[in-house]
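Scroll down for the structure; my scribbles are underneath it.
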Amino acid sequence: MSKRSGYLRGACVGLALLGASGAALAECSRSFVINQADWLPYMYRDAEGRRAGLDYELVKGILDQAGCDYEFVDYPSKRALVKLQEGTIDLLAGASVTPEREAYSRFTVPYRQERIVLLVRREDRDRLPTQELGTLIEDFNLVLGAIAGGYYGQAFDGLDRDVLMERDRLVMLNSNRQLLNLLTIGRIDAVVGDGVSLHVSAASLDLVDQVSVHGRFLNQDPVHLMLSKRTTSEQDLEMINQAIHEYTASEDYRALINRYQFEMVVEAIPSEEIENSYRVLGQ
Numbered sequence: 002m003s004k005r006s007g008y009l010r011g012a013c014v015g016l017a018l019l020g021a022s023g024a025a026l027a028e029c030s031r032s033f034v035i036n037q038a039d040w041l042p043y044m045y046r047d048a049e050g051r052r053a054g055l056d057y058e059l060v061k062g063i064l065d066q067a068g069c070d071y072e073f074v075d076y077p078s079k080r081a082l083v084k085l086q087e088g089t090i091d092l093l094a095g096a097s098v099t100p101e102r103e104a105y106s107r108f109t110v111p112y113r114q115e116r117i118v119l120l121v122r123r124e125d126r127d128r129l130p131t132q133e134l135g136t137l138i139e140d141f142n143l144v145l146g147a148i149a150g151g152y153y154g155q156a157f158d159g160l161d162r163d164v165l166m167e168r169d170r171l172v173m174l175n176s177n178r179q180l181l182n183l184l185t186i187g188r189i190d191a192v193v194g195d196g197v198s199l200h201v202s203a204a205s206l207d208l209v210d211q212v213s214v215h216g217r218f219l220n221q222d223p224v225h226l227m228l229s230k231r232t233t234s235e236q237d238l239e240m241i242n243q244a245i246h247e248y249t250a251s252e253d254y255r256a257l258i259n260r261y262q263f264e265m266v267v268e269a270i271p272s273e274e275i276e277n278s279y280r281v282l283g284q
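Counting in the working numbering, the sequence shown runs from 2 upward without gaps.
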């Protein structure tokens with residue numbers, strides 16, 4: 002088994018055993034168009050080009066339980082938000098609730114948790130104190146990197162991103178792997194993102210020994226499915242919420258999350274704080 006497949010094996014477990022107990026009492030209003038971003042280990046394409054990932058399997062399982070038809074398309078995260086607002090995409094996974102998004106989206110109940118961290122070069126972890134993000138940027142002249150279109154908590158949201166980009170202090174790209182390459186060659190100083198995704202992306206590039214999680218994490222929130230108000234109904238939302246409640250109460254869901262998180266604890270980027278966060282994600 003390759004290193005990459007070893008890190009990702011928990012994310013590729015199928016959810017076909019959900020059963021018929023949660024069958025929807027009504028029909029979905031449409032066949033949903035779902036975006037799959039390049040987001041290891043939640044959504045990605047494997048070596049053979051097949052769709053894979055934890056959220057990919059979770060979304061399929063939830064919508065199968067709700068009795069909905071669906072298809073997947075591929076857009077970068079920022080572009081997918083625009084298409085959801087336009088109504089050419091119906092559903093996004095791994096979404097945090099924000100007032101701006103609530104204007105054009107319906108949010109389901111949570112289906113898992115995420116923790117947003119700051120990843121730095123290994124040699125910089127002890128050099129950079131645990132300070133507020135804005136103070137850290139100014140005091141140490143940091144250049145940050147993040148995936149465009151993501152939500153990373155209030156500390157990041159409160160930054161004047163336009164000014165930082167004009168000053169070449171913020172780089173926004175489409176994938177963690179692009180950002181990690183820039184981090185390790187010294188073009189940026191820190192990457193903001195989901196802790197699990199950053200770890201698996203680093204592992205896929207054989208960069209785990211070169212990076213470390215900074216002591217100050219930025220945000221911890223439940224994540225939701227995000228439905229377009231333009232193309233979906235309140236009944237769709239209720240049906241999917243019912244399916245999420247039933248699935249997340251099942252042993253299949255707990256087994257999948259715990260098995261996946263256990264792998265992250267065993268082989269995680271060294272940091273006691275982030276390792277502890279992995280232990281509670283499935284609880």
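The C-beta atom is built at its ideal place from N, Cα and C for all residues, glycine as well.
- A distance of 7 Å or more separates the beta carbons of residue 38 and residue 226.
- If you draw a straight line from the Cα of residue 118 to the Cα of residue 135, it comes to about 14 Å.
- According to the DSSP assignment, residue 162 belongs to no beta strand (DSSP E) but to the alpha helix (DSSP H) extending over 162-167.
- Note on geometry: alpha-carbon atoms of residue 76 and residue 36 lie some 6 Å from one another.
- Of all C-beta pairs linking the segment 165-181 to the segment 134-150, three or more are shorter than 8 Å, placing the two stretches in contact.
- Of the candidates 87, 88, 110, 110 places its Cα closest to the Cα of residue 96.
- In summary, residue 200 is buried, with 16 or more beta-carbon neighbours lying within 10 Å of its beta-carbon over all protein chains present.
- Distance from the CA of residue 137 to the CA of residue 248, rounded to the nearest whole angstrom, comes to 41 Å.
- Nearest to residue 104 by C-alpha distance, out of 231, 256, 257, is 231.
- Along the segment 168-195, the beta strand (DSSP E) occurs as fully enclosed runs of 3 or more residues at 171-174, 191-195, listed in sequence order.
- If you draw a straight line from the Cα of residue 47 to the Cα of residue 205, it comes to about 12 Å.
- Contact check for residue 164 against residue 91 fails: the beta carbons are separated by 7 Å or more.
- Boundaries of the beta strand (DSSP E) harbouring residue 94: 92-96, taken from the DSSP string.
- Across the structure, residue 148 and residue 182 are spaced so that their CA atoms are roughly 13 Å apart.
- Within the same chain, 29, 30 come within 6 Å of residue 237 by CB-CB distance, once the 5 residues on both sides are set aside.
- Rounded to whole angstroms, the separation of the alpha carbons of residue 256 and residue 69 is 24 Å.
- Residue 100: member of the alpha helix (DSSP H) spanning 100-103, first to last residue.
- Its Cα nearest to that of residue 221, the residue 194 stands out among 213, 194, 243, 233.
- Put simply, the backbone Cα of residue 233 is about 16 Å away from that of residue 83.
- The Cβ-Cβ distance between residue 192 and residue 208 does not fall below 7 Å.
- Closest by C-alpha distance to residue 243, out of 66, 61, 59, is 66.
- The C-alpha of residue 129 lies about 11 Å from the C-alpha of residue 214.
- Of the candidates 241, 250, 153, 153 places its Cα closest to the Cα of residue 219.
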